[in-house]
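Working notes, beginning with the structure itself.
2 protein chains.
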Amino acid sequence: MNNACSQHAHPHRLVQQPLTELTDRLRAGSRKVTGQREAILDVLRRHASPLTNREIHAALGKNDCDLATIYRNMHTLTSMGLVKRFDFGDGAARFELLTDASDHHHHHLVCNQCSAIVEIEDCFPTEYEEALAKRHGFTAVTHRLEFFGTCPRCQKSTAAVDPTIARPS
Amino acid sequence: MNNACSQHAHPHRLVQQPLTELTDRLRAGSRKVTGQREAILDVLRRHASPLTNREIHAALGKNDCDLATIYRNMHTLTSMGLVKRFDFGDGAARFELLTDASDHHHHHLVCNQCSAIVEIEDCFPTEYEEALAKRHGFTAVTHRLEFFGTCPRCQKSTAAVDPTIARPS
DNA sequence: TCGCCTGCTGCAATCGGTTTGCAGCCTGAT
DNA sequence: ATCAGGCTGCAAACCGATTGCAGCAGGCGA
Numbered sequence: 000m001n002n003a004c005s006q007h008a009h010p011h012r013l014v015q016q017p018l019t020e021l022t023d024r025l026r027a028g029s030r031k032v033t034g035q036r037e038a039i040l041d042v043l044r045r046h047a048s049p050l051t052n053r054e055i056h057a058a059l060g061k062n063d064c065d066l067a068t069i070y071r072n073m074h075t076l077t078s079m080g081l082v083k084r085f086d087f088g089d090g091a092a093r094f095e096l097l098t099d100a101s102d103h104h105h106h107h108l109v110c111n112q113c114s115a116i117v118e119i120e121d122c123f124p125t126e127y128e129e130a131l132a133k134r135h136g137f138t139a140v141t142h143r144l145e146f147f148g149t150c151p152r153c154q155k156s157t158a159a160v161d162p163t164i165a166r167p168s
Numbered sequence: 000m001n002n003a004c005s006q007h008a009h010p011h012r013l014v015q016q017p018l019t020e021l022t023d024r025l026r027a028g029s030r031k032v033t034g035q036r037e038a039i040l041d042v043l044r045r046h047a048s049p050l051t052n053r054e055i056h057a058a059l060g061k062n063d064c065d066l067a068t069i070y071r072n073m074h075t076l077t078s079m080g081l082v083k084r085f086d087f088g089d090g091a092a093r094f095e096l097l098t099d100a101s102d103h104h105h106h107h108l109v110c111n112q113c114s115a116i117v118e119i120e121d122c123f124p125t126e127y128e129e130a131l132a133k134r135h136g137f138t139a140v141t142h143r144l145e146f147f148g149t150c151p152r153c154q155k156s157t158a159a160v161d162p163t164i165a166r167p168s
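Line order of the protein sequences matches chains Y and Z. Residue 104 in numbering that gives the first Met the number 0 sits at position 105 of the first sequence, and the numbers go up by one each step. Residue 9 in numbering that gives the first Met the number 0 sits at position 10 of the second sequence, and the numbers go up by one each step.
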């Protein structure tokens, strides 16, 4: 139960890339490392938590770029290996850039009330995932795993919210 | 690695309910078991896979009800314990009704290409989740876990799709 | 150097899932 | 019978995301 995760063992999946490899891949594919893309990556590098398109847009200064172009650039960067996450409960995609060269796979623990995000090293065990894939005849099996709960601060400050509308399935 | 899942052990979370308990709860809360709600639950009961609001709407016959009312009713039913799932990769919520009285928790394995859904019994181990919660000071921790891959049929019929846009994070 | 091709960008429109305001209806309690 | 509250249909709006279009910029060959 550590960061040994099948998502990284599978040959079909691009390994999450630090900044320099992303820009190298852009160049290798006759795409350009434009100022906006550099700025996007810089914003991601300076933030510990994954950011939404809107948050990136705001961080760049709303006047300097178009939100639609951010969406397009995030799509491009994702195809270069940037990690896109969908699993924070609000339906918005988030993007995450690793700043060191290590293959630092992780999941997240999200506070149901204040949306605080904590990085988690726990992961679904590879051997179980492989057995699962074999059992059902699937290949290229990956998973999404996110945790939700009440963070220490919200435990103190808030009465319990209605548990029936908790987001995790 | 079975269906022992912390989501059910936690006292704050409503246990997933079969049809009769949902209707009982409606009545207990001075809500009504209207014809439309009965029809919705009947549709869910007859389908093995979780359904979206639109699918339920279509199954009911588009002329007989309003989509907005379906959304409202699904919200109501969810607050009564019906299980709502967000994790099938297309951004649409899905609803699931258990037809037997057993506490039959499960997750899903979704085909990236044809969206086929397979119920699976594997779950993130409770003891790890509890340790995780304690380690970070969170309470009421639950999780979302979904698996994605290529189903046997799509392995035969389709060339590999671009792995860089695979949906799981 | 001149075009030309390709990719990038801003703008506006659009789409799909979801929510909400409003008015009318039905039902159960007083 | 009356009244309040919940339910419903309709229309509009919201939000994340995508797309068509036109203009622009940079690289490359003639």
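Ideal Cβ positions, reconstructed from N, Cα and C, are used throughout, including at glycine. Model, not experiment: these values are computed from the prediction.
So with CB distances below 7 Å, who are the chain Z contacts of residue 154 of chain Y? By 1-based counting over the first sequence, the position of residue 154 of chain Y is 155. The answer, in chain order, is 138.
Let me confirm a value: residue 124 of chain Z is counted as buried when at least 16 other C-beta atoms fall within 10 Å, else exposed. Which label applies? The sequence position of residue 124 of chain Z within the second sequence is 125, counting from 1. Buried.
Stretch pair the segment 32–42 of chain Y + the segment 69–79 of chain Y: three plus CB contacts closer than 8 Å: yes
Identify whether residue 83 of chain Y lies in helix, strand or coil by the three-state DSSP scheme. The residue you call residue 83 of chain Y lines up with position 84 of the first sequence. It is a strand residue.
Terminal residues of the continuous beta strand (DSSP E) containing residue 143 of chain Y? In the first sequence, the residue the question calls residue 143 of chain Y occupies position 144. Note, residue 143 of chain Y: beta strand (DSSP E), 138–149.
Any residues in the segment 63–80 of chain Y with a beta carbon nearer than 8 Å to a beta carbon of chain Z? Which ones, in chain order? 77, 78, 79 and 80
Contact set between residue 145 of chain Y and chain Z, taken where Cβ atoms lie within less than 7 Å: As a position in the first sequence, residue 145 of chain Y is number 146, starting the count at 1. Neighbours of residue 145 of chain Y on chain Z, chain order: 142 and 143.
I'd like to know whether the C-beta atoms of residue 108 of chain Z and residue 96 of chain Z end up nearer to each other than 9 Å. Looking up residue 108 of chain Z in the second sequence gives position 109. Looking up residue 96 of chain Z in the second sequence gives position 97. Not in contact: residue 108 of chain Z and residue 96 of chain Z (Cβ atoms no closer than 9 Å).
Pull the bridge partners of residue 51 of chain Z from the DSSP assignment, please. Indexing the second sequence from 1 puts residue 51 of chain Z at position 52. Partner(s): Z:93.
Throw me the rounded Cβ distance for the residue 50 of chain Z and residue 43 of chain Z pair, which I believe falls under 8 Å. Within the second sequence, the letter at position 51 stands for residue 50 of chain Z. Within the second sequence, the letter at position 44 stands for residue 43 of chain Z. That pair is a contact at about 6 Å.
Which residues in the same chain have their Cβ closer than 7 Å to the Cβ of residue 86 of chain Y, if we skip the five residues on either side of it in sequence? Translated into positions along the first sequence, residue 86 of chain Y becomes position 87. Hits under 7 Å: 143 and 145.
Option nearest residue 133 of chain Z by Cα separation, candidates Y:32, Y:56, Y:149 and Y:54: In the second sequence, the residue the question calls residue 133 of chain Z occupies position 134. That would be Y:149, whose Cα lies nearest to the Cα of residue 133 of chain Z.
Going along the chain, which residues of the segment 112–124 of chain Y sit with their C-beta nearer than 7 Å to a C-beta in chain Z? 117, 119, 121 and 123
At which residues does the alpha helix (DSSP H) containing residue 42 of chain Y begin and terminate? The sequence position of residue 42 of chain Y within the first sequence is 43, counting from 1. Start and end: 34–45.
Quick one: grab the DSSP three-state call for residue 7 of chain Z. Here residue 7 of chain Z refers to the residue found at position 8 when the second sequence is read from its first residue. Only weak support exists for where residue 7 of chain Z lies, its pLDDT of 34 falling under 50; the value from the coordinates is given anyway. Reduced to three states, the DSSP call for residue 7 of chain Z is helix.
List the residues that DSSP assigns as beta-bridge partners of residue 170 of chain Y. A query on residue 170 of chain Y cannot be resolved here, the shown segment of chain Y reaching from 0 to 168 and no further.
So what does residue 17 of chain Y bridge to, in DSSP terms? Counting from one through the first sequence, the residue named residue 17 of chain Y turns up at place 18. Answer is Y:97.
Would you say residue 28 of chain Z faces chain Y, with C-beta separation under 9 Å as the test? Your numbering for residue 28 of chain Z matches position 29 in the second sequence. No - not a single Cβ of chain Y is within 9 Å of the one on residue 28 of chain Z.
Considering only their Cβ atoms, is the gap separating residue 46 of chain Y from residue 58 of chain Y smaller than 9 Å? Here the question's residue 58 of chain Y lines up with position 59 in the first sequence. Here the question's residue 46 of chain Y lines up with position 47 in the first sequence. Yes, the pair counts as a contact, with Cβ atoms nearer than the cut-off.
Which residues in the same chain as residue 119 of chain Y place their Cβ atom closer than 7 Å to its Cβ, once the five residues preceding and following it in sequence are excluded? On the first sequence, position 120 is the one that residue 119 of chain Y refers to. Within the same chain, residue 119 of chain Y has close Cβ partners 105, 106, 107, 108 and 146.
Among residues of its own chain, excluding the 5 on either side of residue 83 of chain Y, which ones have a beta-carbon nearer than 7 Å to its beta-carbon? Looking up residue 83 of chain Y in the first sequence gives position 84. Result list for residue 83 of chain Y: 77, 92 and 94, in chain order.
Assuming residue 138 of chain Y contacts residue 112 of chain Z under a Cβ cut-off of 8 Å, what Cβ separation, rounded to an integer in Å, is found between them? In the first sequence, residue 138 of chain Y corresponds to position 139, counting from 1. In the second sequence, residue 112 of chain Z corresponds to position 113, counting from 1. In fact, because the Cβ distance is near 11 Å, the residues do not count as touching under 8 Å.
Is the beta carbon of residue 48 of chain Z closer than 9 Å to that of residue 89 of chain Z? Walking along the second sequence from the start, residue 89 of chain Z turns up at place 90. Walking along the second sequence from the start, residue 48 of chain Z turns up at place 49. No, Cβ-Cβ distance for residue 89 of chain Z and residue 48 of chain Z is not below 9 Å.
Going by C-alpha to C-alpha distance, which of Z:121, Z:70 and Z:126 sits closest to residue 128 of chain Y? As a first step, residue 128 of chain Y is located in the first sequence; it is residue number 129 there, counting from the start. Per the Cα distances, Z:121.
Around the Cβ of residue 24 of chain Y, are there at least 16 other Cβ atoms within 10 angstroms (buried) or fewer (exposed)? The residue you call residue 24 of chain Y lines up with position 25 of the first sequence. Residue 24 of chain Y is buried by the Cβ-count criterion.
By the three-class DSSP mapping on this structure, what secondary structure does residue 31 of chain Z have? As a working mapping, residue 31 of chain Z is identified with position 32 in the second sequence. Note: residue 31 of chain Z maps to coil in three-state DSSP.
Along chain Y, in chain order, which residues have C-beta atoms closer than 7 Å to that of residue 132 of chain Z? Translated into positions along the second sequence, residue 132 of chain Z becomes position 133. Within chain Y, the residues near residue 132 of chain Z are 148.
Contact check, residue 32 of chain Z vs residue 22 of chain Z under 8 Å by CB: the rounded distance? Taking the second sequence and counting its residues from 1, the one referred to as residue 32 of chain Z is at position 33. Taking the second sequence and counting its residues from 1, the one referred to as residue 22 of chain Z is at position 23. Sure, about 5 Å apart at Cβ, within 8 Å.
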